[in-house]
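Trainee:
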Ligand code: ADP
Ligand code: MG
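Numbering (this note's numbering), first residue to last: 168 to 572.
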């Protein structure tokens, strides 16, 4: 009998490759398998809430069934979604008569969840210990960003302030930020290091505005020794938060506290932001990150294998590195998929099977470049609203969610 947990890990590995990171994290982060009944062709999946349940039923059911068939070769044709949390699952009573194994709640959360990976120190906020300089592979493409990051971690607030890192998604910006924070803390354990994604900063700001917790909000960020602000492109169209951040920036910079910023584009291309904000971004050091060359991609894969205690033929590593060129998250996804497949099938890796495993990943048209326009169109179509409505100014309720997406 196959282990349901392994099957679910394999399914998640597949889905991670075909969905955007945001979608995958939003919908699959807290899901787990409860049982599989191979005779009936039925599986039961635990989901955290009713919203996710209906989303799964309507949007992802077919993809999950397909992924299950790919991963386990069994014929699960119907899936029940049960609202449950991982914790409550461990106390759950399982109806008799089913061929199943319980997850026992011990299932490792998905890799995308950082909860268990949090860097624990009273003066560190939001840092993940998964991302360090020691597991960051340096090569053409990220060399400058890496050395600037090291310099900042060594002498925060002194050399490059702010440090502005930019590059496409999945190329290691967030990784470097956490690495800076962790390295700086190991040099000076009493420094106050805050990592925040700009979206979260915005949400916290809005919540503070609503609940009247402004002073605490301000004080929190303004007393940082190192403030790491990820994805500032989310600042666009958020005037109030932008102003709040601008003022925080001024205070910190004036006090020679280190600020590190990332974005998907250079400061000059953030044209929607106020000039004074853009010019601050350009005060220090700007470094871009490009996709690493093939040799570096190979080194990254080798390192990831080592970390996971898994050994793959150099030929296979080379094949993956050669064929996945878009971003490193995808590279990791392909590796995860390969590893999941082997763990399930207990077979020795061979190049031809890897080719097979990655076939749909490599051929998937969704991997082709998606323009912002194409994305807006897809969202408009999905919610059945018009393009002018979704991009316009009207604040009708039914337009809010599609617009945010
Ligand atoms: P970004 O923030 O630029 O979108 P991330 O920092 O989230 O990208 O990186 C995506 C994934 O790729 C992460 O799991 C990260 O650890 C990994 N990664 C990126 N660059 C490297 C590198 N040079 N060496 C090792 N892993 C890397
Ligand atoms: Mg990032």
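Backbone N, C-alpha and C define an ideal beta-carbon position, used for all residues, glycine too.
For the candidate residues 355, 499, 387, 353, whose alpha-carbon lies nearest to that of residue 368?
Mentor: Mapped onto the chain shown, residue 368 falls at position 201. Ranking 355, 499, 387, 353 by Cα distance to residue 368 puts 387 first.
Trainee: Leaving out the 5 sequence neighbours to the left and right, which residues in its chain are closer than 8 Å to residue 455 when beta-carbon positions are compared?
Mentor: Taking the first residue of the chain shown as position 1, residue 455 is located at position 288. Same-chain partners within the cutoff: 311, 312, 332, 333, 334, 433.
Trainee: Tell me the residue span of the alpha helix (DSSP H) that contains residue 452.
Mentor: As a working mapping, residue 452 is identified with position 285 in the chain shown. From DSSP, residue 452 is part of no alpha helix (DSSP H) but of the beta strand (DSSP E) over 452-456.
Trainee: Just list the residues that DSSP pairs residue 363 with in beta bridges.
Mentor: Here residue 363 refers to the residue found at position 196 of the chain shown. Partner(s): 396.
Trainee: Cβ of residue 438 less than 9 Å from any chain D Cβ?
Mentor: As a matter of chain content, chain D is missing from the structure shown, which is built from one protein chain.
Trainee: On a Cα-Cα basis, can you pick out the residue from 355, 222, 416, 291 that is closest to residue 190?
Mentor: Residue mapping note: residue 190 aligns to position 23 of the chain shown, counting from 1. Of the listed residues, the one whose Cα sits closest to residue 190 is 222.
Trainee: Can the beta-carbon of residue 449 be found less than 9 Å from the beta-carbon of residue 403?
Mentor: Translated into the one-based positions of the chain shown, residue 449 becomes position 282. Translated into the one-based positions of the chain shown, residue 403 becomes position 236. No. Outside cutoff.
Trainee: Do residue 392 and residue 360 have their C-beta atoms within less than 9 Å of each other?
Mentor: The residue labelled residue 392 in the question sits at position 225 within the chain shown. The residue labelled residue 360 in the question sits at position 193 within the chain shown. Yes, the pair counts as a contact, with Cβ atoms nearer than the cut-off.
Trainee: So, for residue 186: in the same chain, excluding its five sequence neighbours on each side, which residues have a beta-carbon less than 6 Å away from its beta-carbon?
Mentor: Taking the first residue of the chain shown as 1, we reach residue 186 at position 19. No residues qualify anywhere along the chain.
Trainee: Could you give the distance in angstroms between the alpha-carbon of residue 278 and the alpha-carbon of residue 397?
Mentor: In the chain shown, counting from the first residue as 1, residue 278 sits at position 111. In the chain shown, counting from the first residue as 1, residue 397 sits at position 230. Here residue 278 scores only 42 on pLDDT, less than 50, and its place in the model should not be relied on; the value that follows carries that caveat. Between residue 278 and residue 397, the C-alpha separation is close to 19 Å.
Trainee: What do you reckon, is the C-beta of residue 429 under 8 Å from a heavy atom of ligand 2?
Mentor: Counted from its first residue, the chain shown places residue 429 at position 262. Yes, the Cβ of residue 429 comes within 8 Å of a heavy atom of ligand 2.
Trainee: Per DSSP, what are the beta-bridge partners of residue 426 in this structure?
Mentor: Numbered from its first residue, the chain shown carries residue 426 at position 259. Looking at the DSSP assignment, residue 426 forms a beta bridge with 394.
Trainee: Excluding the five sequence neighbours on either side, which residues of its own chain have a C-beta within less than 7 Å of the C-beta of residue 553, listed in chain order?
Mentor: Stepping through the chain shown from its first residue, residue 553 is reached at position 386. These residues qualify, in order along the chain: 547.
Trainee: Would you identify the three-state DSSP class for residue 449, choosing helix, strand or coil?
Mentor: For this step, residue 449 is matched to residue 282 along the chain shown. Coil at residue 449, not helix or strand.
Trainee: Between which residues of its own chain and residue 305 is the CB-CB distance below 7 Å, once the five residues before and five after are set aside?
Mentor: Residue numbering aside, residue 305 sits at position 138 when the chain shown is read from its first letter. Here the set comprises 313.
Trainee: In this structure, does DSSP put residue 388 in helix, strand or coil?
Mentor: The residue you call residue 388 lines up with position 221 of the chain shown. Helix, per DSSP.
Trainee: For the beta strand (DSSP E) that contains residue 285, what are its first and last residues?
Mentor: Indexing the chain shown from 1 puts residue 285 at position 118. No beta strand (DSSP E) holds residue 285; DSSP gives it neither H nor E.
Trainee: Name the DSSP bridge partner or partners of residue 332?
Mentor: By 1-based counting over the chain shown, the position of residue 332 is 165. Answer is 429, 454, bridged to residue 332.
Trainee: Quick check on residue 168: buried or exposed, where buried means 16 or more other Cβ atoms within 10 Å of its Cβ?
Mentor: Taking the first residue of the chain shown as 1, we reach residue 168 at position 1. Here residue 168 scores only 48 on pLDDT, less than 50, and its place in the model is too uncertain to base an answer on.
Trainee: If I follow the unbroken alpha helix (DSSP H) through residue 217, where does it start and stop?
Mentor: By one-based count along the chain shown, residue 217 stands at place 50. Segment 217-222, the alpha helix (DSSP H) holding residue 217.
Trainee: Considering Cα atoms alone, identify which of 474, 461, 303 is closest to residue 343.
Mentor: Position 176 of the chain shown holds residue 343. Of the listed residues, the one whose Cα sits closest to residue 343 is 303.
Trainee: Going by DSSP in three states, residue 274 sits in which element: helix, strand or coil?
Mentor: Residue mapping note: residue 274 aligns to position 107 of the chain shown, counting from 1. Any answer about residue 274 is weak, because its pLDDT of 28 lies below 50 and its placement is not dependable; what the coordinates show is given next. Here residue 274 sits in coil by DSSP.
Trainee: I want to know whether the region 169-176 touches the region 495-511 - three or more CB-CB distances under 8 Å.
Mentor: Enough Cβ pairs lie closer than 8 Å, so yes.
Trainee: Could you give the C-beta distance for residue 542 and residue 557, rounded to a whole number, given that I count them as a contact under 8 Å?
Mentor: Mapped onto the chain shown, residue 542 falls at position 375. Mapped onto the chain shown, residue 557 falls at position 390. At roughly 11 Å, the Cβ-Cβ gap does not stay under 8 Å, so residue 542 and residue 557 are not in contact.
Trainee: Is residue 246 near residue 211, with beta carbons less than 9 Å apart?
Mentor: Counting from 1 along the chain shown, the entry for residue 246 is found at position 79. Counting from 1 along the chain shown, the entry for residue 211 is found at position 44. In contact: residue 246 and residue 211 (Cβ atoms closer than 9 Å).
Trainee: Can you tell which of 524, 352, 485 has the C-alpha that lies nearest to the C-alpha of residue 290?
Mentor: Within the chain shown, numbered from 1, the residue matching residue 290 stands at position 123. The residue with the shortest Cα to Cα distance from residue 290 is 352.
Trainee: Within a Cβ cutoff of 8 Å, which residues of the same chain sit near residue 182, ignoring the five residues on either side of it in sequence?
Mentor: Translated into positions along the chain shown, residue 182 becomes position 15. 191, 195, 227, 230, 231, 234.
Trainee: In chain order, what residues of the same chain lie with their CB nearer than 7 Å to the CB of residue 224, ignoring the 5 residues before and after it?
Mentor: As a first step, residue 224 must be located in the chain shown, where it is residue number 57. Within the same chain, residue 224 has close Cβ partners 248.
Trainee: Could you compute how far the alpha carbon of residue 563 sits from the alpha carbon of residue 362?
Mentor: In the chain shown, counting from the first residue as 1, residue 563 sits at position 396. In the chain shown, counting from the first residue as 1, residue 362 sits at position 195. When rounded, the distance between both Cα atoms is 34 Å.
Trainee: Taking just the CA atoms, how far does residue 501 sit from residue 218?
Mentor: Here the question's residue 218 lines up with position 51 in the chain shown. Here the question's residue 501 lines up with position 334 in the chain shown. Cα to Cα, residue 218 sits roughly 29 Å from residue 501.
Trainee: Measuring alpha carbon to alpha carbon, tell me which of 496, 415, 348 ends up nearest residue 322.
Mentor: The residue you call residue 322 lines up with position 155 of the chain shown. Per the Cα distances, 348.
Trainee: Report the three-state DSSP secondary structure of residue 214 (helix, strand or coil).
Mentor: As a position in the chain shown, residue 214 is number 47, starting the count at 1. It is a strand residue.
Trainee: Given residue 568, which residues of its chain have a CB within under 8 Å of its CB, disregarding the five upstream and five downstream residues?
Mentor: Along the chain shown, one-based indexing puts residue 568 at 401. Result list for residue 568: 550, in chain order.
Trainee: Which same chain residues end up closer than 7 Å to residue 566 when comparing Cβ atoms and leaving out the 5 residues on each side of it in sequence?
Mentor: Numbered from its first residue, the chain shown carries residue 566 at position 399. Answer for residue 566: 552, 556, 557, listed in chain order.
Trainee: Which residues mark the beginning and the end of the beta strand (DSSP E) in which residue 248 is found?
Mentor: As a working mapping, residue 248 is identified with position 81 in the chain shown. Segment 245-250, the beta strand (DSSP E) holding residue 248.
Trainee: Suppose you measure from the CA of residue 425 to the CA of residue 408; what does that come to, to the nearest Å?
Mentor: The residue you call residue 425 lines up with position 258 of the chain shown. The residue you call residue 408 lines up with position 241 of the chain shown. If I take the Cα positions, the gap works out to 20 Å.
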